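Right, one structure below, let's go through it.
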Amino acid sequence: MTAVFAVVGHAEAWWIQIVKSLILFIVGFSLVPVALMMDRKLLGRFQGRYGPNRVGPLGALQPMADIAKLISKEQFRPRTSTGFLFALAPAISVLTASATFAILPFGDVVDIFGAKVGLYGVDVSIGILFAFAFSAISFYGLMLGGWASGSRYSFLGAMRSAAQLISYEVSMGLSLLGVIMTAGTLSLTGIVNAQNGMWYFIPQLVGFVIFMTAAFAETNRPPFDLPEADAELVGGYNTEYGGGRFASYYAAEYFNMVIASGLAVTLFFGGWLLPFGIHPPHWVDPFVVLGKTILVMAFFVWIRATLPRLRYDQLMSLGWKILLPLATLNALVTAIIVVVTHS
Amino acid sequence: MSAVIFFIAAIGAVAGAIGVIALRNPFYSVLALVGHLLSLAALFLLLRAEFVAAAQVVVYAGAVMVLYVFVVAYVGDGSQPVGRGGSGLRVAAALFVGALFVELAIAMLGSGLKAIGGDGAPYKAGFGQPAAIGQALLTKFLFPFEVASLLLLVAAVGAVVLARRRRGLTLGDEERDASRFVTARPRFTGTMAEAVGLVHAPQDQRENGAERSAGDGVEPPVPAPAGVRDDEHGGW
């Protein structure tokens, strides 16, 4: 069997890859309720209330109750909707989100009972471009959902998300050029290893700020939640969805937040590396990554509780007139510095 | 395994390409084109051209086709299928198809179909990876690469100039008068009566509305027979 991806780091036996993908799947989908719970609980505290505290200890089982409720609901769709696209769209969203999770590295290649295993789904040579490719496909999840609903609110929400995704994907890609040039590789494990000594959020502070702003926009989180601005559009592209399909959209949204946090940790906060020369044994690495990811997710919630939503024209001028030139300038300056210091 | 993936992707690519021209609804045509491009990306992956596959998905499926979907969803109403086109168009199309077929036949027969039996070029380590492609673009193909980027820059500047000339409504351009954007609507539109599914206002309200709206210069809604529900236009 020839590997579909030419692997940079290390290719395992086929059964290890299956076990790995199962573990990643379980870990990824366990992080979704955690993100959901953090969002609601922290948001409650930011607003001077308790947040959910009825189901289970401290309300910790609330996401489970939500999921059970949504999945047991009856499926329905508007008369004006297009059947198979209406059903397909949420599946695209979940699929692309979980596929992107495969490139997040939780550690380097380690020895587990004599077998060499990389603590990541797959370490592709195109690295971060893999994530961009799937985020490009995830657009169709939102767009088809909004279009196939046959509802104007959904359609307007989908249109807004289309414009927003196109605008901010450019800045996001350009903001990462600095990181890629400094590390000299696209591979995510390579980028983490290159951060040994100094995490990239210090030399690439401008890139980091642009990346985080674009990540907020790409994940439809406030203050960039115009595609589902509840005050204007009822619920955006998922207005007509209910039950399990709505749960899929909801899960994909939080999954994207987890992935954006994970990418920020990998690209700017040194992945599994710890500061001050602390080198724990390798089995700690995945927990370091998870801990950092949860901290970045808390930052997402913090911003949601702090900033008001942008107006549509503000959103567009921020993306095209401020972030894009800034990201280009950052890439240019980084390129000059890299050339000067390497020669 | 790779043979299975190849046939799935190849069938997807061919089916997508046929779908683009065969489907009558422009929105589905665009979606078929997206499917075709994704299948091509899968074929590139099988050839170990990872960077080309990623670029294919990011640039074509992610940027170009997004704009197509955007435009078709806004403008192309799916209820009006694309027409068959005039006779002149059909003759021209037949000519082009014939020319393309002859060209492909010459290319295929000219190679003597020798490559089908062989194994193809051997795989070189590093082929198709970003490093190898960057190396090639910035050394061997530097001039065409720079010329192409210049061309894209010209296209971008041209797009901005064209968009500027239309003098679209921009903020701070002129004083915005909100009343200019308020369009006249029948009194009944946007009320709870419409929300519960009535298509026209009940009789007493309608007269009421007609009186009031006469002052605003708004046409009263066209009366419909009582009890008739306009299901064709309902639903939203």
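Residue numbers (this note's numbering), protein chains in the order written: chain A, 3 to 345; chain B, 180 to 415.
Where a beta carbon is used, it is the ideal one built from N, C-alpha and C, also for glycine.
The model shown is predicted, which means the values in this text are computed figures rather than measured ones.
For the options A/PHE257, A/TRP304, A/VAL340, the alpha carbon positioned closest to that of A/GLY46 is the one of A/TRP304. Near chain B, meaning a CB-to-CB distance below 9 Å, the residues of the segment 129 to 151 of chain A are GLY129, LEU131, PHE132, PHE134, ALA135, PHE136, SER137, ALA138, ILE139, PHE141, TYR142, MET145, LEU146, GLY148, TRP149. Rounded to the nearest whole angstrom, the C-alpha separation of A/VAL21 and A/GLY61 is 32 Å. Nearest Cα to A/ALA104 within the set A/ALA185, A/GLU242, A/ASN55, A/LEU131: A/LEU131. Under the Cβ distance rule, B/ALA335 does not count among the residues neighbouring chain A, no pair being separated by less than 7 Å. Taking the CA atoms as reference points, A/MET214 sits about 38 Å from B/ILE187. Taking the Cα of A/LYS118 as reference, the smallest distance to any Cα among A/ALA249, A/VAL29, A/ILE18 is reached at A/ILE18.
Residue pairing of A/ASP113 in beta bridges, as defined by DSSP: A/LYS118. Close to A/SER127, with beta-carbon spacing below 7 Å, are these residues of chain B in chain order: GLU229, GLN308, PRO309. Counted as a single uninterrupted DSSP element, the alpha helix (DSSP H) harbouring A/ASP287 occupies residues 287 to 308. The C-alpha of B/VAL251 lies about 13 Å from the C-alpha of B/VAL243.
Counting only residues of its own chain and dropping the five nearest sequence neighbours on each side, A/PHE203 has a CB closer than 8 Å to the CB of PHE210, PHE270, PHE271. By the rule that beta-carbons nearer than 7 Å mark a contact, A/ILE168 touches chain B. With contact defined as three or more Cβ pairs closer than 8 Å, the segment 228 to 247 of chain B and the segment 163 to 177 of chain A are in contact. Of the residues A/GLN77, A/ALA164, A/TRP322, the one whose Cα lies closest to the Cα of A/GLY238 is A/ALA164. For A/THR295, the closest of A/THR336, A/ALA266, A/PHE115, A/ALA253 by C-alpha to C-alpha distance is A/ALA266. Identification of residues in the segment 187 to 215 of chain A having a C-beta nearer than 9 Å to some C-beta of chain B yields THR187, LEU188, given in sequence order.
Under the criterion of beta carbons closer than 8 Å, A/SER140 and A/THR241 do not qualify as touching, at roughly 19 Å. Runs of the alpha helix (DSSP H) lying entirely within the segment 217 to 303 of chain B and spanning at least 4 residues, in chain order: 229 to 234, 244 to 253, 266 to 289.
Closest in C-alpha terms to A/PRO310, from the list A/LEU334, A/LEU228, A/LEU72, A/SER137, comes A/LEU228. Contact with chain A is found for B/PHE249, since one of that chain's Cβ atoms lies less than 7 Å from the residue's Cβ. The beta carbon of B/VAL254 sits closer than 7 Å to no other beta carbon from its chain once the five residues preceding and following it are set aside. Between A/GLY244 and A/ILE73, the gap from beta carbon to beta carbon reaches 7 Å or more.
A contact is defined here as three or more CB-CB pairs under 8 Å, and the segment 108 to 128 of chain A fails this definition with respect to the segment 74 to 81 of chain A.
Ranked by how close their Cα comes to the Cα of B/VAL237, the residues B/ALA338, B/ALA220, B/VAL326, B/ALA228 have B/ALA220 in first place.
Non-local C-beta neighbours of A/ASP41 in its own chain, meaning closer than 7 Å and more than five positions away in sequence, comprise VAL303, ordered along the chain. In this model, A/ILE339 and A/ASN55 are separated by some 52 Å (Cα to Cα). Secondary structure of A/HIS281 (DSSP, three-state): coil. Closer than 7 Å to the CB of A/ALA217 there is not a single CB belonging to chain B.
Contact annotation: A/LEU326 and A/SER173 have beta-carbon atoms nearer than 7 Å.
Cβ atoms of B/PHE230 and B/GLN308 come within 8 Å of each other, at about 7 Å.
Taking a contact to require three or more Cβ pairs closer than 8 Å, the segment 276 to 290 of chain A and the segment 181 to 195 of chain A do not qualify as touching. Among the residues facing chain A, B/ALA315 is not included, as its CB has no counterpart in that chain under 7 Å away. Here the segment 330 to 337 of chain A makes no contact with the segment 144 to 160 of chain A; the two share fewer than three CB pairs at distances below 8 Å. C-alpha of A/LEU292 to C-alpha of B/GLY296: approximately 51 Å in a straight line.
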